[in-house]
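Student: The sequence shown lines up with residues 2 to 267 when you count with the working numbering. Positions of the beta carbon are idealized from the N, C-alpha and C atoms, including for glycine. First the structure, which I've put down as structure tokens, then a few questions once you've had a look.
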Amino acid sequence: MARRSAKQTAKREQRKPRPRKRIANVRPWNWADVIWVGASLLVASVLTVLVLGNQLTALMPDAGIVGVRAILLVFFYLMILAILAYRAHSRNLNFSEAYYLRKGAREIAGTQQKQQGLPAWKSGLLVVGLFFVLRLFVVIYAYTIEQMGWAVHPPERLTDLFGTTMLGLIAAIVSIVILAPFIEELVFRVIMFEKFAQKMPYVAAAIVQAIIFGVYHFSLWQALPSALLGIACAYLALRSRTIIPAIALHVLYNAAPVAAAFYLAI
């Protein structure tokens, strides 16, 4: 009887569900942080769209239009950056610690993964590999949309927004290539991702934040590629234990269309 009881106990232990993989020692973000930064980014995005398409700016000289748009875009992003800094300060964390700008101890509950994260060279290879995969997907996605005749309009050309001057190129680089990836990674891949990962497995958390990231772009054409970028960046941040590789991938991803638009306009 004792032997049978031991076998039954062993079987029950085997049937126990495995622990779900969640980020264990997340930063102490709460829903107020998610709402604050999410709402701020949303408002800034709406204002940006209004500014870029405002009829009043069309009455200005080309240099004036680019200057006004660049100043307002930088202002909106700096406003979000200030809010991020304030949310970190309110949690008694310095900025680099709060947003994993250095390698952090991002522990994954229920796994045997080490805490050091990937070496820098492996993270670099992942960044380059994911960049080419994502850009290849964008090309195939655009070709498929065109061949199928789907009513999904591509975003307005960057040269229509910033012109083709050196000032326009600098404005596009500062706002789209540098500030936007940096801030969006901190909002989506740190605050949102980690808060969701407190309540669900980290795979589900990565998917949820990626869907929100895709919707945030207000474009059916950009929604799916942006969501895939969000998943890739979350994976990079999780494996590397720092947000830097995710920012690097996002920068490369945004830099490609900026470089192509201005090169073709020359």
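Taking the alpha carbon of residue 67 as the reference point, which residue from 47, 174, 204 has its own alpha carbon closest?
Tutor: Indexing the sequence shown from 1 puts residue 67 at position 66. When only C-alpha atoms are compared, the closest one is 174.
Student: Between the segment 84-95 and the segment 29-45, do three or more beta carbon pairs fall short of 8 Å?
Tutor: yes
Student: By Cβ distance below 7 Å, which residues in the same chain neighbour residue 1 in space, the five residues on each side in sequence not counted?
Tutor: Nothing can be reported for residue 1: it is not among the residues displayed for the chain, which extend from 2 to 267.
Student: If you draw a straight line from the alpha carbon of residue 102 to that of residue 149, how long is it in whole angstroms?
Tutor: For the purposes of this step, residue 102 is taken as residue 101 along the sequence shown, with counting starting at 1. For the purposes of this step, residue 149 is taken as residue 148 along the sequence shown, with counting starting at 1. The alpha-carbon separation between residue 102 and residue 149 amounts to approximately 42 Å.
Student: Contact between the segment 223-241 and the segment 135-145 is defined here as three or more beta-carbon pairs at a separation below 8 Å; is this criterion met?
Tutor: yes
Student: When you compare the CB positions of residue 186 and residue 90, do they come within less than 8 Å of one another, or not?
Tutor: Taking the first residue of the sequence shown as 1, we reach residue 186 at position 185. Taking the first residue of the sequence shown as 1, we reach residue 90 at position 89. Not in contact: residue 186 and residue 90 (Cβ atoms no closer than 8 Å).
Student: How should residue 120 be labelled, buried or exposed, when 16 other C-beta atoms within 10 angstroms of its C-beta is the threshold for buried?
Tutor: Within the sequence shown, the letter at position 119 stands for residue 120. Residue 120 should be labelled exposed.
Student: Could you check the C-alpha separation between residue 219 and residue 80 for me, to the nearest Å?
Tutor: Numbered from its first residue, the sequence shown carries residue 219 at position 218. Numbered from its first residue, the sequence shown carries residue 80 at position 79. The alpha-carbon atoms of residue 219 and residue 80 are separated by roughly 21 Å.
Student: Since residue 189 and residue 214 are thought to touch, with beta carbons under 8 Å apart, how far apart are those beta carbons, to the nearest angstrom?
Tutor: Taking the first residue of the sequence shown as position 1, residue 189 is located at position 188. Taking the first residue of the sequence shown as position 1, residue 214 is located at position 213. Approximately 5 Å separates the beta-carbon atoms of residue 189 and residue 214; this is inside 8 Å, confirming the contact.
Student: For chain B, is any of its Cβ atoms less than 8 Å away from the one on residue 260?
Tutor: Here chain B cannot be found, since the structure has a single protein chain.
Student: Check whether the Cβ of residue 159 lies closer than 7 Å to any heavy atom of the ligand FMN, and answer yes or no.
Tutor: Ligands in the displayed structure: none, and consequently the ligand FMN is not present.
Student: Look at the Cβ atom of residue 128, then the Cβ atom of residue 246, and state whether they are nearer than 8 Å.
Tutor: Taking the sequence shown and counting its residues from 1, one reaches residue 128 at position 127. Taking the sequence shown and counting its residues from 1, one reaches residue 246 at position 245. Yes, Cβ-Cβ distance for residue 128 and residue 246 is below 8 Å.
Student: May I ask you to report which of helix, strand or coil DSSP gives residue 41?
Tutor: Position 40 of the sequence shown holds residue 41. Helix.
Student: Give the C-beta separation of residue 248 and residue 207 to the nearest angstrom, bearing in mind that I take them to be a contact with Cβ-Cβ under 8 Å.
Tutor: Taking the sequence shown and counting its residues from 1, one reaches residue 248 at position 247. Taking the sequence shown and counting its residues from 1, one reaches residue 207 at position 206. Not confirmed; about 16 Å, so no contact.
Student: Which residues in the same chain have their Cβ closer than 6 Å to the Cβ of residue 169, if we skip the five residues on either side of it in sequence?
Tutor: Start at 1 with the first residue of the sequence shown, and residue 169 comes out as number 168. The residues 67, 163, in chain order, have a CB closer than 6 Å to that of residue 169 in the same chain once the five nearest residues on each side in sequence are set aside.
Student: What's the call for residue 47, buried or exposed, on a 16-neighbour Cβ count within 10 Å?
Tutor: On the sequence shown, residue 47 is found 46 positions in, with the first residue counted as 1. When all chains shown are included, residue 47 counts as exposed.
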